[in-house]
Amino acid sequence: MNRKLVATAGLAACAALVMSGCAATPSAAPAGPVTITYSNFISNDGNEDNLSKIVDAFEKENKNITVDVKTLPYGDYGTALQTDLAAGTAADVFDIEYSNYASYQANGVLAEIPVDNADAYRGTLLDAYATDGKQYALPSSFSDVVLYYNADLFDAAGVDYPTNDWTWEDEKAAALKLTDKAKGVWGDHQPVSFYEYYKALAQNGGDFLAKDGKSVAFNSPEGIEAAKWLVEKSGTVMPTIEQGQGTADFDTNLFKDGKLAMLHTGIWVFGAVADVPFTWDIAVEPGNTDKASAVFSNAVGVSATSKHTEAAAKWAEFLTSSDTMVQTRLDAGWELPPISDEDALATYLDKGAPANRKAVFDSLDGIALPPVVAKGQTEMQDITGEELVEAQAGRKTVEEALKSAEKRINAVIGG
Amino acid sequence: MTTIPAVLPAVDEVVQPNAPRPSARRGRSRRARVTYALTVLAFILPSAIPLAMFTLGPMVAAAWVSLHEWNLLAPMTWVGLDNYRSLLADPRTGDVFLHTIYYIAGYLPLVYIGGLTLALALNTALKGRSLLRGVYFLPVITSWIVVALVWRWLLNPSNGIVNTVLEAFGIAGPGWWSDPAWAMPSIILASAWKDIGFVMVILLAGLQAINQDLYDAAKVDGAGWWRRLVSVTLPLLSPSTFFVVVISLINGFQVFDQVYAMTGGGPGGASQVVVQQIYDLTFRYGKAGEASALSWLLFAVVLFVTVIQIRGQKRWVNYG
Chain Z
1 MNRKLVATAG LAACAALVMS GCAATPSAAP AGPVTITYSN FISNDGNEDN LSKIVDAFEK
61 ENKNITVDVK TLPYGDYGTA LQTDLAAGTA ADVFDIEYSN YASYQANGVL AEIPVDNADA
121 YRGTLLDAYA TDGKQYALPS SFSDVVLYYN ADLFDAAGVD YPTNDWTWED EKAAALKLTD
181 KAKGVWGDHQ PVSFYEYYKA LAQNGGDFLA KDGKSVAFNS PEGIEAAKWL VEKSGTVMPT
241 IEQGQGTADF DTNLFKDGKL AMLHTGIWVF GAVADVPFTW DIAVEPGNTD KASAVFSNAV
301 GVSATSKHTE AAAKWAEFLT SSDTMVQTRL DAGWELPPIS DEDALATYLD KGAPANRKAV
361 FDSLDGIALP PVVAKGQTEM QDITGEELVE AQAGRKTVEE ALKSAEKRIN AVIGG
Chain W
416 MTTIPAVLPA VDEVVQPNAP RPSARRGRSR RARVTYALTV LAFILPSAIP LAMFTLGPMV
476 AAAWVSLHEW NLLAPMTWVG LDNYRSLLAD PRTGDVFLHT IYYIAGYLPL VYIGGLTLAL
536 ALNTALKGRS LLRGVYFLPV ITSWIVVALV WRWLLNPSNG IVNTVLEAFG IAGPGWWSDP
596 AWAMPSIILA SAWKDIGFVM VILLAGLQAI NQDLYDAAKV DGAGWWRRLV SVTLPLLSPS
656 TFFVVVISLI NGFQVFDQVY AMTGGGPGGA SQVVVQQIYD LTFRYGKAGE ASALSWLLFA
716 VVLFVTVIQI RGQKRWVNYG
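Protein chains in written order, with my numbering: chain Z, 1 to 415; chain W, 416 to 735.
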């Protein structure tokens, strides 16, 4: 290689560095047309077209902005986002969940979003994504978990349908009657997981975290009872792990096949079970000492390194508060729009199956929010699930599993 | 480009080890020696540069990261040897090494005996053996993700082919990858199936290098099939066996793709292996420092095991 060539290549490399350095400076006002990227999991598995409707409406209103959508399955999304953020390749706008908002905000990856229509949002939801009076994400939806039931199986077994007043005892009695192992019919399904556990704990009057948030409080009589409530379903009224319980979509498929009488899952499954050949409905989840339903909220953030923060914030606002979004979500039963307009939300009640849509709102009377820690959120969730499954598989007693979970989680979140 | 002709004699020298090197080197000018060095460099660089960029560089960087706390998002903070201390104190570390050793202990005998059987069968005058050799090698060049998904499907506890067939024979199949006790055996089975062709090819080459006269002599002495296998084939195959064992052990310690795609380390951490743990620590838990420390721990273990093997080869490897 000759010297001139080396010099030229070096010069080109320097120039490239300088130019990319310039490009990295955020421009205050996008003069020409801009393309922003949006990575999401909320539309995955059935709502891709609904998201497209919102994108189309936004692009029509903002002729110089194009939204490039990337959709990932929920299971892979968190890892992909973390990696993209670390590599500096995150999308301009990306989905987050309530439970990891705190850690993303603390790590400075979220840009502040100016909000001029705060009244449009449900106050509690908007506040959940504000830190020190500044908005760092906008709620895009909320949803809750209800009790689905196969009315035909209830009729066949001569059992009364679940009502909003049901307790664990009612659920257990019905589940036992409905289970017919010879026919492969199971009475109940509730995942043995972190998400079900913190909720069951709240339904039993217990706390997941101690007040200071640096240690867990579930190794208590209430906690042990709640864990047993979940674990002891396995093999009696619910399939065991060996029978496939706990694998992806196992429970919804079993329900769709007409082999499951009761199913604890979120309202995001409405679409997936819409076309089943039997009658089904929903009720508020039974509680024990308390009524507590899991409420989840998704949100969108604008990347702190975005080159088009203004356009990105515009899209974030449209995606979370526009009329198009409200109408699309309500029509499709795609969770619930995070809006304050109760009249608009009321139209949700008449949008078809399930008949008892009122249960979705009734569930909000007593809610359980996920426990959130500043450091080690995912690890805390994984350890809880892992130890509960140990108890479910019979390798540990419930007491041993909770004790072990307590020790392991405290070591992670205590620091 | 103009330098090539000047260099040719040097290349000749390299490929002719018996050439009278000292006399050739004597009268050589300084310029010629520089040219020679540059040529050697030119030949080494195409593999040395990627090695430095993608192996040595990251290794050094990982050593640096392992002395810090880093969640990939916020800046790193120096913690000294804390990551190593907390790893050694964490019972999970022992678990993931035990699971990895469990994997190797199941995988290695299976893949070796399977590969040897195939190699012996395909070393005979079997009809269509070229086709069979190709067929058995096919899984080796197939992507792990594809293989893992197919095996997940085959071993599906409720509607997979394997359990359906077992049911037809009145056997209740296990929960395979969904059952903590069967998760690792499922991974071992899929891994052995995929790699058996590789082992077969290596051993087949070894078998074909064995002098046929030795078998004839053994036959004359009255040695049966088994005797010939144990006293002629296996000793003379030992260099190939050694290669297979060393490579399989190193790969075995680094097992990841199939675990990630088949079980993700579950259920309940039952198939969590070292590299899956490194992955989870980095990308799920934001503990890149601890993950880097675990990578170095794994490197130390693999190095130790490999050194032991190379030392031990004198005892059983026969280079004839």
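Even glycine gets a Cβ: it sits at the ideal position worked out from N, Cα and C.
A quick note: this is a predicted structure, and the numbers were derived from the prediction, not measured.
Simplified DSSP assignment, three categories, for residue i
i                     : result
residue 613 (chain W) : helix
residue 183 (chain Z) : helix
residue 237 (chain Z) : coil
residue 50 (chain Z)  : helix
residue 670 (chain W) : coil
residue 291 (chain Z) : coil
residue 491 (chain W) : coil
residue 474 (chain W) : helix
residue 737 (chain W) : What the structure shows of chain W is the stretch from 416 to 735, and residue 737 (chain W) is not part of that stretch, so it cannot be assessed.
residue 553 (chain W) : helix
residue 678 (chain W) : coil
residue 381 (chain Z) : helix
residue 711 (chain W) : helix
residue 334 (chain Z) : coil
residue 373 (chain Z) : coil
residue 638 (chain W) : coil
residue 625 (chain W) : coil
residue 541 (chain W) : coil
residue 243 (chain Z) : coil
residue 135 (chain Z) : strand
residue 62 (chain Z)  : coil
residue 630 (chain W) : helix
residue 211 (chain Z) : coil
Buried or exposed by the 16-neighbour rule on C-beta atoms within 10 Å, applied to residue i
i                     : result
residue 520 (chain W) : exposed
residue 64 (chain Z)  : exposed
residue 400 (chain Z) : exposed
residue 438 (chain W) : Caution applies to residue 438 (chain W), whose pLDDT of 48 falls short of 50 and renders its modelled position unreliable; the model cannot decide the point.
residue 325 (chain Z) : buried
residue 132 (chain Z) : exposed
residue 648 (chain W) : buried
Span of the beta strand (DSSP E) around residue i
i                     : result
residue 97 (chain Z)  : 93 to 97
residue 416 (chain Z) : Only positions 1 to 415 of chain Z appear in the structure, and residue 416 (chain Z) is not among them; the question remains open.
residue 39 (chain Z)  : 34 to 40
residue 520 (chain W) : Run containing residue 520 (chain W): none in the beta strand (DSSP E); it sits in the alpha helix (DSSP H), 506 to 537.
residue 579 (chain W) : It is not in any beta strand (DSSP E) - residue 579 (chain W) instead sits in the alpha helix (DSSP H) that spans 576 to 583.
residue 647 (chain W) : Unbroken run through residue 647 (chain W): none, as it is neither H nor E.
residue 282 (chain Z) : 280 to 283
Contacting residues, own chain, Cβ-Cβ under 6 Å from residue i (five flanking each side not counted)
i                     : result
residue 41 (chain Z)  : 72, 74, 77 and 95
residue 109 (chain Z) : 85 and 304
residue 193 (chain Z) : 385
residue 291 (chain Z) : 366
residue 258 (chain Z) : 278
Residues near residue i by beta carbon distance below 7 Å, same chain, minus five either side
i                     : result
residue 269 (chain Z) : 252
residue 731 (chain W) : 653
residue 393 (chain Z) : 241
Cβ-based neighbour list, residue i, same chain, cut-off 8 Å, excluding 5 preceding and 5 following
i                     : result
residue 283 (chain Z) : 146, 147, 149, 161, 162, 163, 164, 166, 356 and 359
residue 273 (chain Z) : 148, 252, 255, 256 and 280
residue 53 (chain Z)  : 324 and 328
Within-9 Å CB hit, residue i to chain B
i                     : result
residue 498 (chain W) : Checking the listed chains, one finds no chain B in this structure; the protein chains it contains are Z and W.
Boundaries of the alpha helix (DSSP H) in which residue i is found, first to last residue
i                     : result
residue 205 (chain Z) : Careful: residue 205 (chain Z) lies outside any alpha helix (DSSP H) and carries neither H nor E.
residue 223 (chain Z) : 221 to 231
residue 407 (chain Z) : 398 to 413
residue 260 (chain Z) : Taken as a continuous stretch (DSSP letters only), residue 260 (chain Z) belongs to no alpha helix (DSSP H), as it is neither H nor E.
residue 751 (chain W) : In the structure as shown, chain W starts at 416 and stops at 735, and residue 751 (chain W) therefore has no counterpart that could be examined.
residue 178 (chain Z) : 168 to 178
residue 342 (chain Z) : 342 to 346
residue 318 (chain Z) : 309 to 321
residue 86 (chain Z)  : 74 to 87
Any non-hydrogen atom of the ligand FAD closer than 8 Å to residue i Cβ
i                     : result
residue 357 (chain Z) : For the structure depicted, the ligand FAD is absent and the ligand set is empty, with no information on it obtainable.
**Message:** Please list, in chain order, the residues of the stretch 39 to 60 of chain Z that have any C-beta partner in chain W closer than 9 Å.
**Reply:** Correct list: empty, as no residue qualifies.
**Message:** Under 9 Å, CB to CB, which of the residues in the stretch 448 to 464 of chain W have a partner in chain Z?
**Reply:** Against chain Z - using a Cβ distance shorter than 9 Å - the stretch 448 to 464 of chain W contributes no residues.
**Prompt:** Residues in the stretch 398 to 414 of chain Z with C-beta within 9 Å of chain W's C-beta atoms, listed in sequence order?
**Reply:** Residues of the stretch 398 to 414 of chain Z that bring their beta carbon within less than 9 Å of a beta carbon in chain W comprise 408, 411 and 412, in sequence order.
**Asked** Listed from N- to C-terminal order along the chain, which residues in the stretch 240 to 257 of chain Z have their beta-carbon within a distance smaller than 9 Å of any beta-carbon of chain W?
**Response** Of all residues in the stretch 240 to 257 of chain Z, 240, 241, 242, 243, 244, 245, 246, 247 and 250 have a Cβ within less than 9 Å of some Cβ in chain W.
**Message:** To be precise: take each residue of the stretch 205 to 230 of chain Z, compare its Cβ to all Cβ atoms of chain W, and keep it if any distance is under 8 Å. Which residues remain?
**Reply:** Answer in chain order: no residues at all.
**Asked** Closer than 7 Å, Cβ to any Cβ of chain Z: which residues of the stretch 656 to 683 of chain W, in chain order?
**Response** Taking 7 Å as the Cβ-Cβ cut-off against chain Z, the residues of the stretch 656 to 683 of chain W that qualify are 682 and 683.
**Request:** Residues of the stretch 510 to 529 of chain W with a CB closer than 7 Å to any CB of chain Z: list them in chain order, please.
**Result:** Answer in chain order: no residues at all.
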